[in-house]
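Contents: one structure, followed by commentary.
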Amino acid sequence: MTPDVVIIGAGIIGAACARSLVRAGLRVTVLDRNAAASGTSASGEGNLLVSDKGPGEELRLAQYASSLWPDTVAELRRELGADFPSLEYERKGGLVVATTPAGRDPLLAFAESQRGAGVDARVLTVKQALRLEPDLNPAITAAIHYPEDAQVQPVAATEALLASARLGGADVRVGVTVTGGIRAADGALVGVRTSAGDFSAGAVLNAAGPWSGEVSRSLDASLPVRPRRGVVLVTTRMPHRIFHKVYDADYVGAVGSGEAELQTSSVVESTAAGTVLIGSSREQVGFDNRLRVSVLEELAVKALRLFPFLAGASVMRSYGGFRPYMPDHLPVIGPDHRVPGLWHATGHEGAGIGLSLATAELIAAQLTGGVPAVDPASFLLTRPSLAALVPEVA
Amino acid sequence: MASRMFPSRDDRIQPAEAPPVALTIDGQRVSGLRGQTIAGVLLASGRLSWRTTSAGATPRGVFCGIGVCFDCIVTVNGDRDVRACQRRADDGDVILTQYDDLPGHDDQPQHDELTRRDELPGAAS
Amino acid sequence: MTGVLVIGAGPAGLAAARAALRAGASVTLLDSSDQLGGQYWRHLPDSRAGVREDRLHHGWDRFRALQDELLEHPGCEVVPSAQVWAIERLDEGLVVHVHVGPPDGNRRPSRELTPDAIVIATGAYDRTLPFPGWDLPGVFSAGAAQALAKGERVAVGGRVVVAGAGPFLLPVAASLAQTGARVLGVYEASRPRALARGWLPRPWRLLGATSKFGELASYALSHVRHRIPYRVGHAVIAAHGTDRVEQVTVARLDARWAPIPGTERRIDADAVCVSHGFTPRIELAIAAGCDIRPDRFVRVDDRQHTSVPGVFAAGEITGIGGVDAALAEGAIAGHGAAGGGADDPAVRRDLARRATFTDFAARIEAAHGIRPGWTGWLRPDTLVCRCEEVPYGRLRETGRATCSTSLRSLKLSTRAGLGICQGRVCGRTVEDLLGRESPGGLLDGTSTDRRPIASPVRIGELAAAHGRHTSAATDAARHQHQ
Ligand SMILES: Cc1cc2nc3c(=O)[nH]c(=O)nc-3n(C[C@H](O)[C@H](O)[C@H](O)COP(=O)(O)OP(=O)(O)OC[C@H]3O[C@@H](n4cnc5c(N)ncnc54)[C@H](O)[C@@H]3O)c2cc1C
Ligand SMILES: Cc1cc2nc3c(=O)[nH]c(=O)nc-3n(C[C@H](O)[C@H](O)[C@H](O)COP(=O)(O)OP(=O)(O)OC[C@H]3O[C@@H](n4cnc5c(N)ncnc54)[C@H](O)[C@@H]3O)c2cc1C
Ligand code: FES
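Residue numbers (our numbering), protein chains in the order written: chain U, 4 to 397; chain G, 116 to 240; chain W, 31 to 512.
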């Protein structure tokens, strides 16, 4: 039976979309050239943040996502049972601090603007911040507490969403590489060609993460998604001394920046395993995954600015991945106006884990003619910020 | 009987007389010979284990003996995660055994938030 | 003059350094240990130097001669206590990152080396398959017993059982006996037929393959003298005790290494030393970009040259061959790294010597290679990953529940291999067990051998080096891709 939708990519975006579409009553096939949860979704962190987003469309999407996570986690647990690995969902809250006198006012202003958009952003005194994080560098100049910031274990989340979709009837095929599209006489995309033969479908959803540019090109529709490398340091297990996600305020700057050179800003937090994660760099070096010691050093310097006690902690591992980056810093969620039958859910850069559930609901609503909870217009390829980047003729 | 050092006088290898070193482990004094590793000193004193695991709270000591498994780690003079089988004992070393409890996590979001809100009477919101 | 960096001062590295010097190169020799000699020639520290160290070591004189030549040579810089923690692959070449100082120290000075050629000779460590109770204190890898006997003159127990597979069990038993322990038995998992396929029927003969006289004579003699029972087709399938080993269960195995029910026997013991083969330390070779063979040793050509220009490899990381093979390979590698030609008389002898060991690894695999039935002694609560305490049952359940075919994903959901040893101990076992759960195999093409950070580094050490070597090289690499 021809599926209604073929999804390309079994990362968290493909997995979440598969689940939402199955629940909306559609027949879904998911294809991945590799294993599920083996791409970017297994190479990053699992922060579900509102704190790093200024007022605007992405923040609204993040707030919507944030409202979906608790119920979804509970549903998945019910559906999949206790043997399934825990999603480690925790709303531990974020603490964003400025570490320089110059950084103080911009951070306070940013928080003020977020409060205007409904974010729970609480200005703390240094003393209060130190009560939340006793080992924090007391030389910080400003601190904002974001109780809504949460996290999941991204791989477990991807696997759980996919397992749930499978229970709902989705057909998940791994080791299958999409190589091109099948077009009907009227030009509409009606399936994909793959390393395992042709797959016909009512619609094709491109959820190939940082590779979606390539995939889209193979379907004759260019898409300006590029990889933006990120590296995270992992310490050995240590006594629990970091209780929130703690960010250096210049994180906010790095996210919104399109600069190609290395940028790091610290995000320091401890995990359920007792390790501490120090993330993460942002650089545009293509798909080059070679270790760069200067990147590790820069991450280390910034982590010490937040938590001087970490000087004696040992880093046992570093890992990294390629964020799917859009030049205007917004994901693409919806139909491709140039190729009927082609849809995209990609370009989430450093927020794909957090935004996955909301993205999936938006896709499902648009595909089934429902009413999206967030206006999808700003996530379409037709948005003005992409005008110069997306050629009209596919 | 347990782990122990082969008495030098019986040893066909004829080791040289080494000066003694003394260290403390969790406050207890243990003596050994210069050139021994910390694990060597502890094993020679009949101790077979010193670390406590995080999940099962079970005892661990030396497993691989050559710096590969990290089972033997101790805190030495304030530095954590030192492989006792690799580090030579220095006179006066203060050794602490390690037991790193796992931080709990739960899938109950509200709980955390509420307690934190209570902690923060002065917080603007 | 060619600058050759040799990483690892075991037999292979020592031989490489000497050959490179003799071929006219300047040499830097690094080892994380503060002694030279590697695993094979591990010995008492200078402060306790043994007058008759030769009684514990085959070829001790050879070692002394090697060591003296290197330490005295003006063109050789020997750097002990030098931990190579990363090899960075920049477009203009490799940068070797080293911390010099006490193991796992803090604030160790760092060095970055950019040699003309590198010889990687990082050796191997023994692989122990999990069994119920292997996490009890008193259970050691066989290498631990050997290292403690040779390097400390410490016997790991009074009544000791040695078990596992491979020729290595014999020198371990001998060293234990020579350190005052009573060795209750050596239990070799392989059965006579497999042993005969790989070797001659009498197991100690195989030691003749590495060296015709010394090793064979000393182990055989020592065994006779200490009357150590040697049983083939047997394994320690459990260790018992509350806070330490008190007893072990030994059972007979079938040809697939599955324990045969009804053959179990308990033995009172206070230590058990187990090894089922060797795992090469290939993370630096991987970091340098070297091709790894399907059997997961470093691929080299007949000059010991890896797939990366200027990078050579020798010793156990290129295949398990024992000390004589390591010496020959090291000499060939060092010579090549210094730019010496293949027809140079200086290497002819080593090339010939190496040829006699070419089938050694295959013979070990045929005789002692791990057979799949060993999982028959696992229980659901047997820990597979010692660091993160992940039991066999959870590994299997997670594989089944998620239907995952991604090693990355399964590691992250079970935490197996994510602990402080970074999968050095359990990695290959985890891959084996998870692979069995997914019929098509694991698809993501990663392996547990990849460890870009080869040894833990303190964050303060990283931070202290920041900017110091933002050298032209690093900068160039950074900006090139913009
Ligand atoms: C270091 C780092 C830290 C991060 N931290 C966070 C964070 O804290 N919070 C957060 O929300 N996000 C974070 N992210 C971002 C997040 O990981 C990504 O946005 C998200 O994983 C993207 O998911 P995806 O499903 O789009 O892509 P992927 O997970 O990469 O999935 C794409 C899949 O498509 C498959 N594919 C590609 N080409 C083909 C083809 N031709 N045929 C078939 N299949 C194909 C691939 O095999 C892959 O499995 C981080 C990323 C990095 C690198
Ligand atoms: C514990 C143990 C004991 C052994 N005892 C015997 C024995 O008694 N008889 C026998 O026939 N065989 C023994 N073997 C087998 C032995 O490995 C070989 O016979 C021989 O030592 C191999 O020589 P090699 O030079 O390849 O490696 P090795 O001797 O292992 O030397 C490798 C060297 O590299 C160094 N090194 C590794 N990584 C790094 C790094 N990142 N930075 C700096 N330095 C590094 C190590 O410290 C080591 O000194 C033993 C093996 C082990 C693991
Ligand atoms: S015993 Fe394995 S690292 Fe020390």
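Virtual Cβ for every residue (Gly too), placed ideally from N, Cα, C.
- Query: Given a limit of 8 angstroms on CB to CB distance, which residues of the region 158 to 176 of chain G reach chain U?
  - Reply: 169
- Query: Per DSSP, residue 248 of chain U is paired with what?
  - Reply: U/97
- Query: Are residue 12 of chain U and residue 210 of chain U close, meaning C-beta to C-beta below 9 angstroms?
  - Reply: yes
- Query: Taking a cut of 9 angstroms between CB atoms, which residues from the region 53 to 70 of chain W lie near chain G?
  - Reply: 62, 63, 64 and 69
- Message: Closer than 8 angstroms between beta carbons: that is the criterion. Which residues of the region 206 to 227 of chain W meet it against chain G?
- Response: 208, 209 and 210
- Message: Please report whether the beta-carbon of residue 184 of chain W lies at a distance below 9 angstroms from any beta-carbon of chain G.
- Response: yes
- Message: Between residue 218 of chain U and residue 350 of chain U, how many whole angstroms is the CB-CB distance? I'm expecting something under 8 angstroms.
- Response: Not a contact, Cβ separation roughly 12 angstroms.
- Message: Assuming contact is defined by CB atoms lying nearer than 9 angstroms, are residue 74 of chain W and residue 181 of chain W in contact in what I supplied?
- Response: yes
- Item | In DSSP terms, what residue 124 of chain W is bridged to | W/119
- Message: What does the alpha-carbon distance come out to for the pair residue 98 of chain U and residue 272 of chain U?
- Response: 10 angstroms
- Query: Are the region 422 to 438 of chain W and the region 174 to 188 of chain W touching, with three or more C-beta to C-beta distances below 8 angstroms?
  - Reply: no
- Task: Can you say whether residue 327 of chain W is buried or exposed, counting buried as having 16 or more other CB atoms within 10 angstroms of its CB?
- Result: buried
- Message: Can you tell me which residues form a DSSP beta bridge with residue 308 of chain W?
- Response: W/156
- Query: So is residue 444 of chain W buried or exposed if we call it buried at 16+ other beta carbons inside 10 Å?
  - Reply: buried
- Quick one: is residue 155 of chain G near chain W, going by C-beta distance under 9 angstroms? yes
- Report yes or no: do three or more beta-carbon pairs, one from the region 389 to 409 of chain W and one from the region 309 to 324 of chain W, lie closer than 8 angstroms? no
- Message: Strictly below 7 angstroms CB to CB, what residues from chain W border residue 151 of chain G?
- Response: 182
- Kindly list, in the order they appear in chain U, the residues whose Cβ is closer than 9 angstroms to that of residue 217 of chain G. 240, 243, 275, 276 and 277
- Message: List, in chain order, every chain U residue whose beta-carbon is nearer than 7 angstroms to that of residue 196 of chain G.
- Response: 239 and 317
- Message: Taking 8 angstroms as the cut-off, is the C-beta of residue 97 of chain W nearer than that to any heavy atom in ligand 3?
- Response: no
- Query: Near residue 236 of chain G, what residues of its chain come up, given a Cβ to Cβ distance below 8 angstroms and the 5 sequence neighbours on each side ignored?
  - Reply: In this prediction, residue 236 of chain G scores a pLDDT of 33, lower than 50, which makes its location untrustworthy; no coordinate-derived value is stated.
- Touch test, the region 299 to 319 of chain U against the region 375 to 389 of chain U, Cβ-Cβ under 8 angstroms, three pairs minimum: no
- Query: Taking just the CA atoms, how far does residue 104 of chain U sit from residue 157 of chain W?
  - Reply: 54 angstroms
- Between the CA atoms of residue 385 of chain W and residue 355 of chain U - distance to the nearest angstrom: 55 angstroms
- Cβ shell of residue 128 of chain G (< 8 angstroms), same chain only, five flanking positions each side left out: none
- Message: Pairs of beta-carbons, one from the region 5 to 24 of chain U and one from the region 161 to 173 of chain U, closer than 8 angstroms: are there three or more?
- Response: yes
- Note down the Cα distance separating residue 48 of chain W from residue 341 of chain W, rounded to an integer number of angstroms. 17 angstroms
- Query: Near residue 189 of chain G, which residues of its chain fall below 8 angstroms by C-beta distance, leaving aside the five closest residues on each side in sequence?
  - Reply: 140, 153, 165, 166, 197, 199, 210, 211, 212 and 213
- Could one say the Cβ of residue 193 of chain G lies closer than 9 angstroms to chain U's Cβ atoms, at least one of them? yes
- Task: Can you give me the Cβ contacts of residue 391 of chain W inside the same chain, cut-off strictly under 7 angstroms, excluding the 5 residues immediately before and after it?
- Result: 349, 350 and 351
- chain W partners of residue 160 of chain U, CB-CB under 8 angstroms? What residue 160 of chain U touches in chain W: nothing, since even the nearest Cβ is about 10 angstroms away.
- Message: Using a strict less-than 7 angstroms threshold between each residue's beta carbon and the heavy atoms of ligand 3, what residues do you get?
- Response: G/154, G/177, G/178, G/179, G/180, G/181, G/182, G/183, G/184, G/185, G/186, G/187, G/198, G/199, G/200, G/201 and W/174
- Item | Contact set for residue 141 of chain W: own chain, Cβ-Cβ below 7 angstroms, skip 5 residues either direction | 128 and 130
- Helix, strand or coil for residue 97 of chain W per DSSP? helix
- Interface residues of chain U facing residue 428 of chain W [CB-CB closer than 7 angstroms]: 88
- Whose C-alpha, out of U/28, U/336 and U/16, is nearest the C-alpha of residue 173 of chain U? U/28
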